[in-house]
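Following the working numbering from start to finish, the sequence shown increments by one per residue and tops out at 2030.
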Amino acid sequence: MNQTNASSNPKAGTTNAATAAVVATDTAISTKPDAGPRAPIRHLVLVLGDQLDISATALDGFDPVQDCIWMAEVAQESEHVWSAKQRTTVFLSAMRHFADALRAQGWPLHYVTLDAPDNSGTLAGELAKAIATYQPHTLVMTAPGDWRVLQDLRGAALAAQVPLDVRDDLHFFSTVRDFAAHAKGRKQLRLEYWYRELRQKTGILMDGKAPVGGQWNFDADNRASFGAKGPGAVPPPTRFAPDAITQEVIALVNTRFASHPGSVAEFGWPVTRAQALLSLHAFIQERLPYFGEHQDAMWEGDVWLYHSHLACAMNLKLLGAREVVAAAEAAYRAGAAPLPAVEGFIRQILGWREYVRGIYWTQMPEYEERNALGATADLPAFYWTGDTDMACLRDAIAQTLRHGYAHHIQRLMVTGLYALLFGVKPQQVHQWYLAVYVDAVEWVELPNTLGMSQFADGGVMASKPYAASGKYIQRMSNHCKGCRFDPALSVGEAACPFTTLYWDFLLRHETMLTANPRMGMQLKNLARLSPDQRGAIVAQATRHRETTAAVASAHPAGTP
Ligand SMILES: Cc1cc2nc3c(=O)[nH]c(=O)nc-3n(C[C@H](O)[C@H](O)[C@H](O)COP(=O)(O)OP(=O)(O)OC[C@H]3O[C@@H](n4cnc5c(N)ncnc54)[C@H](O)[C@@H]3O)c2cc1C
Ligand code: SF4
1471 MNQTNASSNP KAGTTNAATA AVVATDTAIS TKPDAGPRAP IRHLVLVLGD QLDISATALD
1531 GFDPVQDCIW MAEVAQESEH VWSAKQRTTV FLSAMRHFAD ALRAQGWPLH YVTLDAPDNS
1591 GTLAGELAKA IATYQPHTLV MTAPGDWRVL QDLRGAALAA QVPLDVRDDL HFFSTVRDFA
1651 AHAKGRKQLR LEYWYRELRQ KTGILMDGKA PVGGQWNFDA DNRASFGAKG PGAVPPPTRF
1711 APDAITQEVI ALVNTRFASH PGSVAEFGWP VTRAQALLSL HAFIQERLPY FGEHQDAMWE
1771 GDVWLYHSHL ACAMNLKLLG AREVVAAAEA AYRAGAAPLP AVEGFIRQIL GWREYVRGIY
1831 WTQMPEYEER NALGATADLP AFYWTGDTDM ACLRDAIAQT LRHGYAHHIQ RLMVTGLYAL
1891 LFGVKPQQVH QWYLAVYVDA VEWVELPNTL GMSQFADGGV MASKPYAASG KYIQRMSNHC
1951 KGCRFDPALS VGEAACPFTT LYWDFLLRHE TMLTANPRMG MQLKNLARLS PDQRGAIVAQ
2011 ATRHRETTAA VASAHPAGTP
């Protein structure tokens, strides 16, 4: 399918997304072998699995007579972390659909499939072979999302002595250079200042020089729970029945990565630009008006709530961040969505998404190794199965393995919080998040995990650790009602492990946290505990850790 045409008619060939949860598409698998121009060629243009946009900078000036596009499916990308089946499927299927869009354009493409007999299994290995075949004058690519991938491809280019032209990725509102300039001379890098700078630069949600509505931030309006009644009837998510290409990928993934986490039985993610646009339009019409208020709320068994589910399509570049933000702002300007909801949504993309990318590229590669809290525990094995008595964790992990999705607060304040309090090595937590979510790409996952959720960067991203007891989860969800633990208790049979580990966390890090003015209230409460209470909490936390760790050691974390 031609991507440009697809974007002008997003609803073509589908049923009504508002009423049908599953949208079918009918796409044939291309069986034609790929052929390119004869060596030596001018440009070999590298397109990675998260660069699936025909208007990407790498393709600027593409000449089908002298240039060829290179794409490769390699096992390394599913095995360097234990990539869940949903995640591998979404990447491979979207790549294959994009390859067909390039073929339809009549552009020469060298595409290596995962099951090609001579597939070397690595991007660098496949690139070296393609360089030998095409003898390009120059390699061209849009800046990749992962530091590791950039090093590998640079290494292959260097070994073959072919220049590599890395172009800016214009899918973002800012460049890494813009972020570095913003960061220069600042003692602290806080989202809010960067976000305001980008609002001013882009004019998004601005009335002249002032923020629309007279306020930069409607965060305080966006923290409500669903109350006792729950979320009510949430619109069904926009899901797509696997077409022939996706079915073929599902079969491949189920065979090749049979032992990898999760299931693809209910795969329904957008894998083409046309599908991604459908998802965007359905979100803007049906969910955006309610997005803000309940952004942080959770509800047992309710996977999708009022979130957009667009991170994956944006990270694969099936959607541009600019068009997503523009659609949300247009809904506000047309009176179709309230400002707190729209500002809350836009802040996630124009603010957080740009901010974490800047952090990643200005801090790597050392960033990945940070462990400011000196955490040493292994990741509990139940992260790979969901097999735990803790209802909140069970629910978040079960939906993660089933759909490759959990919303931000589930990631930050359930799975992330428990790992922080438990004291799991941040690198293992990072490997888990990078493996299990369909939207997981390192530039966005790593700062969120290591920085925001685990405080392993010592405060580069977050001004204080996101440490809370089970009472936070009780306030924001109904999980505790169906749990055998009690979030109010820190010791005893029914004590909630989050609450026990919360106090234990404060005790373990008391000296370091005292220097942080934002921890004042929490440390004041800690000071109220008697020596006996402290002793009982430490004993209970140690027991919990030992029993959980005993399971973990039988299932080495982070490896198949
Ligand atoms: C530990 C942890 C790991 C994470 N890993 C990833 C990841 O691998 N990939 C990823 O895209 N996001 C990640 N996030 C951020 C966020 O949780 C997801 O973007 C979001 O849950 C995706 O669901 P959605 O598309 O329904 O988002 P919505 O809630 O609808 O939000 C709208 C969009 O805003 C952007 N966004 C929201 N929060 C963030 C954030 N903190 N950082 C960057 N962008 C944000 C996303 O593009 C998202 O699609 C992580 C957060 C945490 C706490
Ligand atoms: S009681 Fe604790 S473990 Fe159980 S659901 Fe609540 S927060 Fe989670």
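Where is the CB? At the ideal position from N, CA and C, for every residue including glycine.
Computed from a prediction, not measured in an experiment: that's the story for all the values here.
Rounded C-alpha distance that separates residue i from residue j
i	j	result
A2011	Y1853	19 angstroms
V1930	Y1663	14 angstroms
A1703	G1952	21 angstroms
R1817	N1785	17 angstroms
D1523	H1751	19 angstroms
Q1670	K1679	7 angstroms
V2008	R1618	40 angstroms
H1979	L1843	8 angstroms
L1809	S1749	21 angstroms
V1795	A1542	31 angstroms
H1550	Q1901	9 angstroms
T1716	W1739	10 angstroms
L1758	Y1875	18 angstroms
R2013	T1870	28 angstroms
A1905	E1915	10 angstroms
M1989	N1995	10 angstroms
H1652	E2016	45 angstroms
G1531	D1857	52 angstroms
A2006	L1788	53 angstroms
Three-state secondary structure assigned by DSSP to residue i
i	result
M1611	strand
D1784	The question names Asp, but residue 1784 is Met in the sequence shown. If DSSP states are grouped into helix, strand and coil, M1784 belongs with the helices.
W1540	strand
V1719	helix
R1656	coil
R1637	strand
F1710	strand
A1626	helix
Y1776	coil
H2014	helix
V1741	coil
P1681	strand
H1730	coil
V1517	coil
M1982	helix
H1910	Inspection of the sequence shows that residue 1910 is occupied by Ala rather than by His. Correct three-state label for A1910: coil.
D1585	coil
D1956	strand
A1746	helix
CB of residue i within 8 angstroms of CB of residue j, strictly
i	j	result
P1707	W1774	yes
F1688	E1813	yes
A1781	D1909	yes
A1586	A1626	no
A1528	T1603	no
R2056	D1766	With the chain represented from 1471 up to 2030, any question about residue 2056 goes unanswered, as that position is not in the structure.
A1526	F1643	no
L1920	Y1837	yes
L1993	L1977	no
H1764	F1696	yes
L1516	L1623	yes
D1638	A1613	yes
Contact set for residue i: own chain, Cβ-Cβ below 6 angstroms, skip 5 residues either direction
i	result
N1841	P1896, A1926
P1935	F1925
G1591	V1544, A1545, Q1546
D1635	T1608, V1610
A1861	H1949, G1952, C1953
Q1568	Just to set this straight, residue 1568 is Phe in the shown sequence, not Gln. Cβ within range, chain order: L1522.
W1913	G1615, R1827, Y1830
G1928	A1842
Y1776	R1757, Y1760, F1761, H1764
A1889	V1899
L1661	G1821, Y1825
Spatial neighbours of residue i in its chain, beta-carbon cut-off 8 angstroms, leaving aside the 5 residues before and after
i	result
A1965	F1955, D1956, L1959, Q2010
L1562	G1519, E1543, L1584, V1719, L1722, V1723
A2032	Within the shown structure, residues of the chain are numbered from 1471 to 2030, placing residue 2032 beyond reach of any answer.
Own chain, CB closer than 7 angstroms to residue i, minus 5 neighbours either side, in chain order
i	result
V1682	L1675, M1676, L1809
Cutoff 8 angstroms: residue i Cβ touching any chain B Cβ
i	result
M1784	Judged by its chain identifiers, the structure shown contains no chain B, having just a single protein chain.
Does the pairing of the region 1873 to 1889 with the region 1940 to 1952 give three or more beta-carbon distances under 8 angstroms? By the Cβ rule, the region 1873 to 1889 counts as touching the region 1940 to 1952, because three or more pairs are nearer than 8 angstroms.
Report yes or no: do three or more beta-carbon pairs, one from the region 1717 to 1732 and one from the region 1553 to 1565, lie closer than 8 angstroms? yes
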